[in-house]
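Peer 1: Supplied in C-alpha cells, the structure appears directly below.
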Amino acid sequence: MECFVERADVLTGVTLWGYFDGHTWLNMPEYAYMTPAYPLPFDQKLNPKWAYWGMVDSSVLPDESEGLEILEFENPQATATYVEEVPVIDGEKDACYELCEEFTTHNQITFPFDGTDPAEATYYVAWKDNNIYIYIYTEVVDNELNHDASNPHQKDSVEIFLDENNSKSMMYEDTGDGQYRVTYRGVFTFNGKDRDTDLEYEAIKTDTGYAIEWRITPQSITLEEGYVMGFDVQVNDANEYGTRDGITTWAGVTNNNWNSTTEFGDLTFIK
Ligand code: BGC
Ligand code: CA
Ligand code: CA
Numbered sequence: 062m063e064c065f066v067e068r069a070d071v072l073t074g075v076t077l078w079g080y081f082d083g084h085t086w087l088n089m090p091e092y093a094y095m096t097p098a099y100p101l102p103f104d105q106k107l108n109p110k111w112a113y114w115g116m117v118d119s120s121v122l123p124d125e126s127e128g129l130e131i132l133e134f135e136n137p138q139a140t141a142t143y144v145e146e147v148p149v150i151d152g153e154k155d156a157c158y159e160l161c162e163e164f165t166t167h168n169q170i171t172f173p174f175d176g177t178d179p180a181e182a183t184y185y186v187a188w189k190d191n192n193i194y195i196y197i198y199t200e201v202v203d204n205e206l207n208h209d210a211s212n213p214h215q216k217d218s219v220e221i222f223l224d225e226n227n228s229k230s231m232m233y234e235d236t237g238d239g240q241y242r243v244t245y246r247g248v249f250t251f252n253g254k255d256r257d258t259d260l261e262y263e264a265i266k267t268d269t270g271y272a273i274e275w276r277i278t279p280q281s282i283t284l285e286e287g288y289v290m291g292f293d294v295q296v297n298d299a300n301e302y303g304t305r306d307g308i309t310t311w312a313g314v315t316n317n318n319w320n321s322t323t324e325f326g327d328l329t330f331i332k
C-alpha cells in the first residue's frame with residue numbers, strides 16, 4: 062500500500078482481477094492448460110498470502126535469509142546492428158539481417174481459446190551511419206491468416222513501438238513515441254503523432270505465415286553507436302472467426318504498449 066501511496070502522483074489506478082484464488086478466471090475449464098494458477102492476494106481458503114502483505118505491510122514479509130527471493134524486473138535488451146549495405150524494403154529477407162541478432166516475441170499476453178500457442182515473430186533490426194532510418198524485419202509463423210475483423214489490431218498483424226528518448230513514460234509523449242501496425246495484407250495504422258511520416262513497409266506471405274519489412278524514421282533523435290531507445294514488437298494473432306485471441310510481445314507484459322511506454326524494452330544501436 063505504501064508503495065502505491067508513494068507513487069500516487071503517477072498512478073491512475075491499481076486493478077486486481079478478483080481477490081481470492083478460489084475464484085479466478087484462470088482456473089476456468091477453458092484455461093485448464095494454464096493451471097494451477099494462484100494469482101490473487103488471498104488463497105482458496107481466503108487466507109492472506111505474501112502478495113497481500115506485500116501490498117499492505119511489507120515489514121512483515123520474510124527476507125532473503127528466510128528463503129524469500131526478491132525478483133527484480135529487468136528491462137529486456139535488444140540490439141540494432143550497423144550494416145554497410147541497407148536492405149531493400151520488399152518483404153524479402155536481405156543478407157544484412159543475417160548480421161543482426163535475432164529476437165522473438167516470446168511473451169504470451171493472451172492465448173487462443175483452443176489452447177494452442179499464439180503466433181510469434183522473429184525480428185532483426187539494422188541501421189547505418191549518416192542514415193536516418195531504422196530497418197526492421199519481422200517474420201511471423203501463423204498457419205491461420207485472417208483479415209475479417211473491423212478493428213485493425215484484431216487482424217493478423219505486427220506492431221512496432223518506439224520511445225525515441227527512452228523515457229518510459231506512462232502516456233505517449235507528443236514527440237518520439239509511436240505505435241506502428243501493419244497487417245499481413247499490408248494495411249498500415251498507427252498511434253502517436255505523425256508516425257506515418259517518411260515510412261516504408263512491405264508485407265508478404267511466406268510458407269509458414271507472413272513477413273513484414275519496415276523502414277521507420279525516428280523524429281527526434283539522430284542514430285549513433287551506443288544510443289538506447291525504448292522499443293517493442295507485438296504480434297496480433299487472429300483466429301478463423303476473425304477474432305484476435307492471441308497476443309505476443311518481445312518486452313511488454315500487460316497489453317498497454319499502445320498508450321504507455323513503461324514496458325518497452327531497450328534497443329541499443331551497436332557497431
Ligand atoms: C492493443 C489493443 C489496442 C490497440 C490500439 C494494440 O496494440 O493490443 O488492445 O486497442 O493497440 O491501437
Ligand atoms: Ca528486403
Ligand atoms: Ca492468425
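First residue of the sequence shown? That's 62 in this note's numbering, and the numbers climb one at a time after it. Glycine residues also receive a C-beta, built at the ideal position from the N, C-alpha and C atoms.
#1: Taking ASP151 as the reference, give the member of ASP190, PRO173, THR267, GLN105 with the closest Cα.
#2: Can you grab the Cα-Cα spacing for the pair VAL201 / ASP306, in whole Å?
#3: Just to confirm, are TYR262 and PHE251 a CB contact at a threshold of 8 Å?
#4: With respect to the alpha helix (DSSP H) encompassing TYR113, which residues constitute its N-terminal and C-terminal limits?
#5: Where does the unbroken beta strand (DSSP E) through PHE292 begin, and where does it stop?
#6: Could you please go through the chain and list the residues whose beta-carbon is closer than 5 Å to any non-hydrogen atom of ligand 3?
#7: Tell me whether ASP224, by its Cβ, gets closer than 7 Å to a heavy atom of ligand 2.
#8: Tell me, please, which residues DSSP counts as bridged to TYR241.
#9: As a quick exercise: from GLY326, GLY313, LEU284, ASN297, pick the residue whose alpha carbon is nearest that of ALA187.
#10: In chain order, what residues of the same chain lie with their CB nearer than 6 Å to the CB of GLY247, ignoring the 5 residues before and after it?
#11: CYS157: which of PRO213, THR165, ILE197, PHE174 sits nearest, CA to CA?
#12: With C-beta atoms as the reference, is THR278 less than 8 Å away from ILE193?
#13: Determine the closest residue to TYR113 out of GLN295, LYS254, PRO100, with distance taken between C-alpha atoms.
#14: How big is the Cα-Cα spacing for PHE164 and THR140?
#15: Within its chain, find whatever has a CB closer than 8 Å to the CB of LEU260; leave out the 5 residues flanking it on each side and keep chain order.
#16: Give the secondary structure of GLU181 by DSSP, where H, G and I count as helix, E and B as strand, and everything else as coil.
#17: Can you tell me which of the three DSSP states VAL201 falls into?
#18: Would you mind working out which of ASP293, THR304, TYR302 sits nearest GLU324, comparing C-alpha positions?
Peer 2: For this structure:
#1: THR267
#2: 16 Å
#3: no
#4: 111-117
#5: 289-299
#6: ASP203, GLU205, ASP217, ASP298, ALA299
#7: no
#8: ILE221, PHE251
#9: For ALA187, the closest of GLY326, GLY313, LEU284, ASN297 by C-alpha to C-alpha distance is LEU284.
#10: ALA264
#11: ILE197
#12: yes
#13: Residue PRO100 is the option with its Cα nearest to TYR113.
#14: 9 Å
#15: TYR241, PHE249, TRP275, ARG276, ILE277, THR278
#16: strand
#17: strand
#18: Checked all of ASP293, THR304, TYR302; the closest Cα to GLU324 is ASP293.
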